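Engineer: Read top to bottom, the protein sequences are chains P and H.
All the letters of the first sequence, read from the start, carry residue numbers 1 to 357 under this note's numbering.
All the letters of the second sequence, read from the start, carry residue numbers 1001 to 1357 under this note's numbering.
All C-beta atoms, glycine included, are put in the ideal place defined by N, C-alpha and C.
Computed from a prediction, not measured in an experiment: that's the story for all the values here.
2 protein chains.
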Amino acid sequence: MTALAAGATIGIIGGGQLGRMLAAAAARLGYRTLVLEPQPDCPAAQLANRQIVAAYDDPEALAELVRECAVVTYEFENVPVAAATSLASDVPVCPPPAALEVSQDRVIEKRFLNAQGLSTAEFLPVDSDADFAAALRSLRGGVLKTRRMGYDGKGQRVFRDAGGADGVYAAMGGVPLILESLVPFEREISIIAARGRDDSLAAYDPALNVHRDGILHSSTVPSGVAPATAETARTSAFAILEALDYVGVVGVEFFVLADGSLLVNEIAPRVHNSGHWTEAACTVSQFEQHIRAIAGLPLGDTARHSDCVMENLIGDDVLRAPALLAEPGLMLHLYGKSEARPGRKMGHFTRLSPRTA
Amino acid sequence: MTALAAGATIGIIGGGQLGRMLAAAAARLGYRTLVLEPQPDCPAAQLANRQIVAAYDDPEALAELVRECAVVTYEFENVPVAAATSLASDVPVCPPPAALEVSQDRVIEKRFLNAQGLSTAEFLPVDSDADFAAALRSLRGGVLKTRRMGYDGKGQRVFRDAGGADGVYAAMGGVPLILESLVPFEREISIIAARGRDDSLAAYDPALNVHRDGILHSSTVPSGVAPATAETARTSAFAILEALDYVGVVGVEFFVLADGSLLVNEIAPRVHNSGHWTEAACTVSQFEQHIRAIAGLPLGDTARHSDCVMENLIGDDVLRAPALLAEPGLMLHLYGKSEARPGRKMGHFTRLSPRTA
């Protein structure tokens, strides 16, 4: 496929802040955007050329995406796989629906990663009370998570030892679960990588991530990990991209162990919160990189001109915006959400400083 | 006036690329935008929340701006002054309509500048053939320009000596003209400065500008002028901002003479093409700076993290886009215009390099 011509329309499934930043990046490259999102006046639609207000799997809406778009992408990983697969028979869908299948189910995801030779926490599927008791004994505690539809720490419970299994499976709603072993990690990092239509690969420097209440709080670059660890993060991300015949940007989260080795925590088949710093500290942001990849353009330069710390504004944190705007060397980004509910990502900011490493 | 709350709507009169980049910057600060522009699906409206498709002085459209907007700005200087003045009685208009009056007429503009103690080329108003012959003798040649509505070198003729005056006034359409003396300038620079609602002032580093066929071709930063010259550019821009009780970003163009002294060429009461580099080389772009100023937010940091050269893509130059995207350290920006007519600004790009000065 040749590169999309300027003026072509890119479909975006999902209307949140990631779609908003993708729409802005697409516009800067001369493309139009059409957002599919049931919530009217969503953050993405405020910047996109047009929005289809409909469910993600609405057949008429999908037919409209096929008619209007030269390529379709998505900004969250819980897009219905059937919808993405059906779309993909009529219009290029990037990243490929296979990436959704892998990332939507934590068991499938870990099996996929292990099959690529990438280490993860130990894990066991949990489909009953008896499964859970056995798994908890086998892994001597662990983090119990829903296999599907989890994000920002929702649907997770930690067990420090093998006790307390009774009734938990039912209390979690009787849905398929996974128990992951407790990992004695020293820190968490992530890497934002991309693969182009021409099989080219690119990665940004890894970021050191700090979570609070299961939600990303900050990402710092440089991450301070050893060069060998950073290189492993890079090659791991590239292995994932190649195994999935992926086109677009991926976010890969890792646990860093005391010896510098890495366990993959999870894959996000999309632009990622821990890559927002690229907009402030690089010439080509992760959003532009994704649009370049799916449009068949050359991947962009991932070099960083500054060190930086990105911090999320969650809920009422957004009230800090006016004070933050008075700080030199700070880039603020708000998402156009009218209501600051607790736990809701309202914006982020990035503090820049001269490059040290 | 306190700062605009997130979610407030900013009105933008004019729908070109400057409005487009203002709309993107406003969104990043959490504001909504409403564009008034007769051309449907204009570059600005593609990123704005909404467009009113109507003439710039349409009474119903202006009433709608008053109802919807917390502040109204403009992206070109030929907004009808009567419309801006009438708007300003009902809603804050920034920059003030007085800035439009000054910049719309080259004679008024130069008289205003001289009154502030700022030097310009010598000039004489030309309202008849006789005026022109006398002016041409007095200034020993010069550049004959329309007093109003000129841009990108349109409506200009150069006379190297005092001859050839006959019939020219009528040939230029019988409209009010100005003859400006030929200035033996060594180079052209411009400065992008801003004034906030709190009277604070800020300026970016001046850019060295090269024009081709009367249209800006490139802007280079650092400009290479002596520090004293840069400081004069800065204080001149600040004097203009204060004299006009201005709020927002202004672009001021200067001729640099052999001794380093400056003549003001013209004032653009808006974000300016020669400031597009700020998006690539600064944390706060001129577009964000303008939105900050008119929204009553603190002015942003004008520090530059890189050296840079911005180049316009005029007409078919836009065909270079795919090749440019393959260059490391380059930021491309296209304007969403479907037709690449000769002389039409289709986009620009900025090449970045490590900061040297």
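1. Over the uninterrupted beta strand (DSSP E) stretch that includes Phe-1185 (chain H), give me the two end residues.
2. In angstroms, rounded to a whole number, what distance separates the CA positions of Ala-303 (chain P) and Arg-351 (chain P)?
3. Among P:Gly-196, P:Ala-121, P:Arg-148, which residue has its Cα nearest to the Cα of Pro-184 (chain P)?
4. Answer with yes or no whether the minimum CB distance from Asp-1317 (chain H) to chain P is below 7 Å.
5. Applying the 10 Å Cβ sphere with the 16-neighbour rule, what's the burial state of Gly-275 (chain P)?
6. Using the Cβ count rule (16 or more neighbours within 10 Å means buried), how would you classify His-1211 (chain H)?
7. Going straight from the alpha carbon of Pro-1059 (chain H) to that of Ala-1084 (chain H), what length do you get?
8. Taking the alpha-carbon positions, what's the Tyr-1204 (chain H) to Ile-1192 (chain H) distance?
9. Is there a Cβ from chain P that is less than 7 Å from the Cβ of Pro-1322 (chain H)?
10. Distance cutoff 7 Å, beta carbons only. Does Pro-1328 (chain H) sit that close to anything in chain P?
11. Compare the C-beta of Ala-1203 (chain H) with all C-beta atoms of chain P and state if any pair is closer than 7 Å.
12. For Ser-106 (chain P), count neighbouring Cβ atoms within 10 angstroms of its own Cβ and tell me buried if that reaches 16, exposed if not.
13. List, in chain order, every chain H residue whose beta-carbon is nearer than 8 Å to that of His-333 (chain P).
14. When the Cα atoms are used, what is the spatial distance from Glu-1186 (chain H) to Ser-1218 (chain H)?
15. Who are the Cβ neighbours of Leu-216 (chain P) in its own chain at under 7 Å, not counting the five residues just before and after it?
16. May I ask you to list, following chain order, the residues of the stretch 1267-1292 of chain H that have a beta carbon less than 8 Å from some beta carbon of chain P?
17. Secondary structure at Leu-100 (chain P), three-state DSSP: helix, strand or coil?
18. List the endpoints of the continuous beta strand (DSSP E) containing His-333 (chain P).
19. Taking the beta strand (DSSP E) that Gly-1019 (chain H) falls in, what are its first and last residues?
20. If you follow the alpha helix (DSSP H) that Asn-114 (chain P) is in, where does it begin and where does it stop?
21. According to a CB-to-CB cut-off of less than 7 Å, which residues of the stretch 1036-1050 of chain H neighbour chain P?
22. Can you list, in chain order, the residues of its chain with a C-beta nearer than 6 Å to that of His-1333 (chain H)? Leave out the 5 residues immediately preceding and following it.
23. Indicate whether Gly-1295 (chain H) and Ala-1003 (chain H) have their beta-carbon atoms separated by less than 7 Å.
24. Report the residue from P:Cys-42, P:Leu-47, P:Asp-41 whose alpha carbon sits nearest the alpha carbon of Pro-1043 (chain H).
25. What residue from P:Leu-241, P:Ala-326, P:Ser-103, P:Leu-319 has the CA that sits closest to Ala-340 (chain P)'s CA?
26. Can you tell me the Cα-Cα spacing of Glu-1327 (chain H) and Ala-1321 (chain H), whole angstroms?
27. Please state if the CB of Ser-236 (chain P) and the CB of Leu-118 (chain P) are separated by a distance shorter than 7 Å.
28. Which class does Ala-1134 (chain H) belong to by DSSP, given the choice of helix, strand or coil?
29. On the premise that Arg-1050 (chain H) lies in contact with Leu-1036 (chain H), defined as a C-beta separation below 8 Å, what is that separation, rounded to the nearest angstrom?
30. Could you tell me which residues DSSP puts in a beta bridge with His-1348 (chain H)?
31. Please give the ranges of any alpha helix (DSSP H) in the stretch 1219-1291 of chain H, keeping only runs that are unbroken, at least 4 residues long and fully inside the region.
32. List the residues of chain H that Ser-200 (chain P) touches, going by C-beta distances under 8 Å, in chain order.
33. State yes or no: is the C-beta of Leu-144 (chain P) within less than 7 Å of the C-beta of Arg-157 (chain P)?
34. Going straight from the alpha carbon of Pro-1125 (chain H) to that of Arg-1137 (chain H), what length do you get?
35. What residues match up with His-211 (chain P) in a beta bridge as DSSP calls it?
36. Mind checking the stretch 1289-1313 of chain H against chain P and listing, in chain order, the residues whose C-beta falls within less than 8 Å of any C-beta there?
Structural biologist: According to the data block:
1. For Phe-1185 (chain H), there is no enclosing beta strand (DSSP E), as DSSP marks it with neither H nor E.
2. Cα to Cα, Ala-303 (chain P) sits roughly 17 Å from Arg-351 (chain P).
3. P:Ala-121 is the residue among P:Gly-196, P:Ala-121, P:Arg-148 whose C-alpha sits nearest the C-alpha of Pro-184 (chain P).
4. Taking Cβ atoms only, chain P never reaches closer than 7 Å to Asp-1317 (chain H), which makes this a no.
5. It counts as buried.
6. With fewer than 16 other Cβ atoms within 10 Å, it is exposed.
7. Note on geometry: alpha-carbon atoms of Pro-1059 (chain H) and Ala-1084 (chain H) lie some 11 Å from one another.
8. C-alpha separation (whole angstroms): 6 Å.
9. By this cut-off, Pro-1322 (chain H) is an interface position.
10. Interface residue, yes.
11. It does not: the Cβ of Ala-1203 (chain H) has no partner Cβ on chain P nearer than 7 Å.
12. Going by the sequence as given, residue 106 (chain P) is Arg instead of Ser. Classification of Arg-106 (chain P): buried, given that the 10 Å Cβ count is 16 or more.
13. Listed by position along chain H, the residues whose Cβ is nearer than 8 Å to that of His-333 (chain P) are Arg-1028.
14. Those two C-alpha atoms are separated by around 16 Å.
15. A distance below 7 Å between beta-carbons, with the five flanking residues on each side excluded, links Leu-216 (chain P) to the following residues of its chain, in chain order: Asn-209, Asn-273, Ser-274, Asn-312.
16. Under the 8 Å Cβ criterion, the stretch 1267-1292 of chain H contributes Ala-1280, Thr-1283, Val-1284, Arg-1292.
17. If DSSP states are grouped into helix, strand and coil, Leu-100 (chain P) belongs with the helices.
18. For His-333 (chain P), the uninterrupted beta strand (DSSP E) run begins and ends at 330-334, by DSSP.
19. It is not in any beta strand (DSSP E) - Gly-1019 (chain H) instead sits in the alpha helix (DSSP H) that spans 1017-1028.
20. Element bounds for Asn-114 (chain P): 106-115.
21. Correct list: Gln-1046, Leu-1047, Asn-1049.
22. Excluding residues within five positions, the ones whose Cβ falls inside 6 Å are Gly-1347, His-1348.
23. It should be pointed out that residue 1295 (chain H) corresponds to Ala in this sequence rather than to Gly. Here Ala-1295 (chain H) is near Ala-1003 (chain H), since their CB atoms are less than 7 Å apart.
24. Among P:Cys-42, P:Leu-47, P:Asp-41, the Cα nearest to that of Pro-1043 (chain H) belongs to P:Leu-47.
25. Minimum Cα distance to Ala-340 (chain P) is reached at P:Leu-319.
26. Rounded to whole angstroms, the gap between the alpha carbons of Glu-1327 (chain H) and Ala-1321 (chain H) is 10 Å.
27. It is a contact, given that the beta carbons lie within the stated cut-off.
28. The answer is helix: DSSP assigns Ala-1134 (chain H) an H, G or I state.
29. About 10 Å separates the two Cβ atoms, so there is no contact after all.
30. Partner(s): H:Asn-1312, H:His-1333.
31. Within the stretch 1219-1291 of chain H, the runs of alpha helix (DSSP H) that reach at least 4 residues and sit entirely inside it are, in chain order, 1227-1243, 1277-1281.
32. Listed along the chain, the chain H residues whose CB falls inside 8 Å of the CB of Ser-200 (chain P) amount to none; the nearest CB is some 10 Å away.
33. Going by C-beta atoms, Leu-144 (chain P) is nearer than 7 Å to Arg-157 (chain P).
34. Going by the C-alpha atoms only, they are around 13 Å apart.
35. Answer is P:Leu-216.
36. Only those residues of the stretch 1289-1313 of chain H whose C-beta falls short of 8 Å from the nearest C-beta of chain P are listed: Arg-1292, Leu-1297, Pro-1298, Gly-1300, Asp-1301, Ala-1303, His-1305, Ser-1306.
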